[in-house]
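Student:
In full-length UniProt numbering, the protein residues as written are 1 to 243.
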């Protein structure tokens, strides 16, 4: 099943039924007096009554006192019991996969165990090995995830079209700028003509119309510059346009 998660399935530490999986070493002092399960993150009051941290948190919402002796208690004043914590970590438990390990190694084992409980995006708690079948048939958010994937792909496609249109617009702007360049910016050669001093006995030459100072491009055979014997000098000029 090819389904993309925005976040991986959430690991759920299931403490329920843990007492039934203890292989050896369990004692009465290892049980929470509220949930009657193996203590999970134990906390105690000053009189030594011990509870799971989450069980105590729930009880203190109703009344800020020890559920056993009624002494004033809060999460800040509840203390740890290091001796009990070490004793709990040494308890031997059996996983549903058949592996036996110390309770203190539970997290390391369940990190790679297919029987660990995870929470799907739809809110269902199930074993990791059951997740593919759940996504294939019963997950209520699978269709929504696929729809979001399709929207994301469409968004990438539209963004690519916008970027391509922006590039084309920039190229057209460069083309327009090149076609509207000034005369001196044009990469072409032009000629300058220097006429000889008019002769006093040549009235035709004196009355001839003035020739342009510059003539662009090549000069035809019938141009006044060539017929009057003018000298041509080809000049190539480059400059930095102020535009």
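From the three backbone atoms N, C-alpha and C, an ideal C-beta is built for every residue, glycine too. A quick note: this is a predicted structure, and the numbers were derived from the prediction, not measured.
1) Can you check DSSP and say which residues form a bridge with residue 24?
2) Note down the Cα distance separating residue 46 from residue 96, rounded to an integer number of angstroms.
3) Roughly how many angstroms lie between the CA atoms of residue 156 and residue 147, to the nearest whole one?
4) Residue 121: buried (16+ other C-beta within 10 angstroms of its C-beta) or exposed?
5) Helix, strand or coil: which one does DSSP assign to residue 122?
6) Since residue 43 is in the beta strand (DSSP E), which residue starts that stretch and which ends it?
7) Can you check whether the CB of residue 84 is closer than 7 Å to the CB of residue 42?
8) Under a three-way DSSP split, which group does residue 127 fall into?
9) How far does the beta strand (DSSP E) with residue 59 in it extend, from its first residue to its last?
10) First and last residue of the beta strand (DSSP E) that includes residue 102?
11) In this structure, how does DSSP classify residue 34 when only helix, strand and coil are distinguished?
Tutor: So, to answer that:
1) The residue you call residue 24 lines up with position 24 of the chain shown. DSSP, once it has assigned bridges, lists 92 as partnering residue 24.
2) Numbered from 1 along the chain shown, position 46 holds the residue referred to as residue 46. Numbered from 1 along the chain shown, position 96 holds the residue referred to as residue 96. Going by the C-alpha atoms only, they are around 37 Å apart.
3) Along the chain shown, one-based indexing puts residue 156 at 156. Along the chain shown, one-based indexing puts residue 147 at 147. Approximately 14 Å between the Cα atoms of the pair.
4) As a position in the chain shown, residue 121 is number 121, starting the count at 1. Around the C-beta of residue 121, 16 or more other C-beta atoms lie within 10 Å, and the residue is accordingly described as buried.
5) Within the chain shown, residue 122 is the residue found at index 122, counting from 1. In this structure, DSSP gives residue 122 a state outside helix and strand, which the three-state scheme calls coil.
6) Residue 43 sits at position 43 when you count from the first residue of the chain shown. Residues 42 to 44.
7) As a position in the chain shown, residue 42 is number 42, starting the count at 1. As a position in the chain shown, residue 84 is number 84, starting the count at 1. Less than 7 Å divides the Cβ of residue 42 from the Cβ of residue 84.
8) Here residue 127 corresponds to residue number 127 of the chain shown, with the count starting at 1. In the structure shown, residue 127 sits in a strand (DSSP, three-state: E or B).
9) The sequence position of residue 59 within the chain shown is 59, counting from 1. First-last for residue 59: 53 to 62, but that is the alpha helix (DSSP H), not the beta strand (DSSP E).
10) Residue 102 sits at position 102 when you count from the first residue of the chain shown. It spans 100 to 102 - the beta strand (DSSP E) in which residue 102 sits, taken as one unbroken run.
11) Within the chain shown, residue 34 is the residue found at index 34, counting from 1. Residue state, collapsed to three classes: coil.
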